[in-house]
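Chains as they are written, first to last, in the working numbering: chain A, 821 to 951; chain B, 101 to 408. The beta carbon of each residue, even a glycine, is placed where N, CA and C say it ideally should be. The structure presented is a predicted model; accordingly, all values stated were derived computationally and were not measured. Scroll down for the structure; my scribbles are underneath it.
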């Protein structure tokens, strides 16, 4: 099933609604990378709250997505990873360590705002969680 | 075990002696019990004297020893009479429950029961010294019963100890590690005690749930109370840090002692991802800095503007 992508100010919000197949994930990745240019967005939030499992393909796709978005000049933050999912992920060694993460949508917006502010100031201090 | 009367003439073996016995063991035992009851006061005193002499049960007062000795004695005689160790087992458990917290050691308990056995045996020697054959038969009846009692008491004591140890282990395992909020969006997790993989997992799950329910940004994990760190615990620390990051929280680990630091470096755990600060205070200060708080001492702060 397709993931709705909402444009909100300078950001794109992809809110996953149900479990995704590998094809859905790839499509989400391609859609986001394409739209980030079209809407000249500065940030992308992928909300994975409903996912109760994140396999290695999902993690790999999400981190590829983040890297591609980065190359297109925007920031990505993954929000809403469930505690159980997070624990399972680290046990599998899927730490998503190069991608920014936040607790929920609200935190994700706060993070992107902080990044935007720090970029405007021209320093790299602001924001947290990115590596 | 009842013996049949009218067996073939005695042989030198004790079994033979018992078998040819005109008096069945039961009868011998009841005679024995009657004798012990008769001399209860004197035997008991003798026993207590020997306990004191051997410096056993030093954790207890003389009166307590005497009271305890009386009930042990009565139980002992009862078991000899009935042959049922169940009551004694219950009594031994109860006794152990009372005396273990007072610091009575296993060797003391075994010691006093063996002393009682010896005291009673001596009194039997004395009573039956005229008739060596009879003495032998009485001892044949007495010894297995006495040994069984000694066994029961010792096992009861050790079992009670083990039960307490198990109970304590359980308690330690179930010790909930509190996840405490010290400031808006700042949690502390003071870890105390030995961490095994099961507990580590439990801790991580608790922390992750705490992060979500308190919407925490920063977590200070204090391991001052963790006596030792092995690769399991170290990996657990790393995993917790990573899982917390996935929920958008930063973890600061504090309280790594010099020994633990050395262990971690020696076993080569990659702690590069971990944000460590010396002590809990430093950790909380660092966390406040991350959250944008600034703690100001009122005395040093500029005086507040007077209101008209």
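Distance between residue j and residue i (C-alpha atoms, nearest Å)
i: residue 283 of chain B; j: residue 390 of chain B; result: 12 Å
i: residue 857 of chain A; j: residue 387 of chain B; result: 37 Å
i: residue 854 of chain A; j: residue 892 of chain A; result: 9 Å
i: residue 868 of chain A; j: residue 915 of chain A; result: 15 Å
i: residue 928 of chain A; j: residue 265 of chain B; result: 49 Å
i: residue 307 of chain B; j: residue 350 of chain B; result: 12 Å
i: residue 138 of chain B; j: residue 132 of chain B; result: 10 Å
i: residue 873 of chain A; j: residue 261 of chain B; result: 46 Å
i: residue 866 of chain A; j: residue 836 of chain A; result: 7 Å
i: residue 225 of chain B; j: residue 235 of chain B; result: 7 Å
i: residue 793 of chain A; j: residue 395 of chain B; result: The first residue shown for chain A is 821 and the last is 951, placing residue 793 of chain A beyond what the model contains.
i: residue 210 of chain B; j: residue 299 of chain B; result: 37 Å
i: residue 833 of chain A; j: residue 326 of chain B; result: 43 Å
i: residue 953 of chain A; j: residue 382 of chain B; result: No answer is possible for residue 953 of chain A: the residues shown for chain A start at 821 and end at 951.
i: residue 939 of chain A; j: residue 895 of chain A; result: 11 Å
i: residue 278 of chain B; j: residue 871 of chain A; result: 28 Å
i: residue 367 of chain B; j: residue 331 of chain B; result: 7 Å
i: residue 353 of chain B; j: residue 199 of chain B; result: 43 Å
i: residue 822 of chain A; j: residue 881 of chain A; result: 16 Å
Interface flag, residue i vs chain A, CB-CB below 7 Å
i: residue 303 of chain B; result: no
i: residue 309 of chain B; result: yes
i: residue 409 of chain B; result: This structure leaves residue 409 of chain B out entirely; chain B is present only between 101 and 408.
i: residue 256 of chain B; result: no
i: residue 312 of chain B; result: yes
i: residue 348 of chain B; result: yes
Residue i at chain B interface by Cβ criterion, 7 Å
i: residue 901 of chain A; result: yes
i: residue 921 of chain A; result: yes
i: residue 895 of chain A; result: no
i: residue 906 of chain A; result: yes
i: residue 854 of chain A; result: no
i: residue 910 of chain A; result: yes
i: residue 940 of chain A; result: no
i: residue 918 of chain A; result: no
i: residue 915 of chain A; result: yes
Closer than 7 Å at the beta carbon, the chain E residues around residue i
i: residue 389 of chain B; result: Protein chains A and B are contained in the structure displayed, whereas chain E is not.
- request: With 8 Å as the limit, tell me which residues of the region 821–838 of chain A have their beta carbon closer than that to any beta carbon of chain B; keep them in chain order.
  value: Residues: none.
field: Contacting positions in the region 332–346 of chain B - beta carbon closer than 7 Å to chain A
entry: Cβ contacts with chain A: 339, 342, 343, 345, 346.
task: Spell out a yes or no on whether the region 892–904 of chain A and the region 288–303 of chain B are touching, meaning 3 or more CB-CB pairs, one atom from each, closer than 8 Å.
output: Segments in contact, no.
- prompt: Does the region 169–178 of chain B come close enough to the region 136–152 of chain B that 3 or more CB-CB pairs lie under 8 Å?
  reply: Contact between the region 136–152 of chain B and the region 169–178 of chain B is present, because at least three Cβ pairs lie under 8 Å.
- prompt: If you pair each beta-carbon of the region 342–356 of chain B with each one of the region 307–316 of chain B, do three or more pairs fall below 8 Å?
  reply: At 8 Å Cβ cutoff, the stretches touch.
query: Any contact of the region 195–213 of chain B with the region 146–166 of chain B, i.e. 3+ C-beta pairs under 8 Å?
result: These segments touch.
field: Stretch-stretch touch, CB-based, cutoff 8 Å, three pairs: the region 916–923 of chain A with the region 354–361 of chain B
entry: The answer is no - the region 354–361 of chain B does not touch the region 916–923 of chain A, with fewer than three Cβ pairs under 8 Å.
- prompt: Given 8 Å as the limit, is there contact between the region 175–186 of chain B and the region 244–252 of chain B, that is, 3 or more CB pairs closer than that?
  reply: Taking 8 Å as the limit for Cβ pairs, the verdict is that the region 244–252 of chain B does touch the region 175–186 of chain B.
query: Taking only runs of the alpha helix (DSSP H) that begin and end inside the region 867–922 of chain A, which ones reach a length of at least 4 residues, in chain order?
result: Counting whole runs of 4 or more residues, the region 867–922 of chain A contains the alpha helix (DSSP H) stretches 876–891, 903–911.
message: For the pair the region 242–249 of chain B and the region 217–231 of chain B, tell me if three or more CB-CB distances fall below 8 Å.
response: The answer is yes - the region 217–231 of chain B touches the region 242–249 of chain B, with three or more Cβ pairs under 8 Å.
- prompt: For the region 868–886 of chain A, which residues have a beta carbon sitting closer than 8 Å to at least one beta carbon of chain B?
  reply: Residues of the region 868–886 of chain A with a C-beta less than 8 Å from any C-beta of chain B: none at all.
message: Which runs of the alpha helix (DSSP H) at least 4 residues long sit entirely within the region 136–181 of chain B? Give them in chain order.
response: Counting only runs of at least 4 residues, the region 136–181 of chain B fully encloses the following alpha helix (DSSP H) elements, listed from N- to C-terminal order: 140–153.
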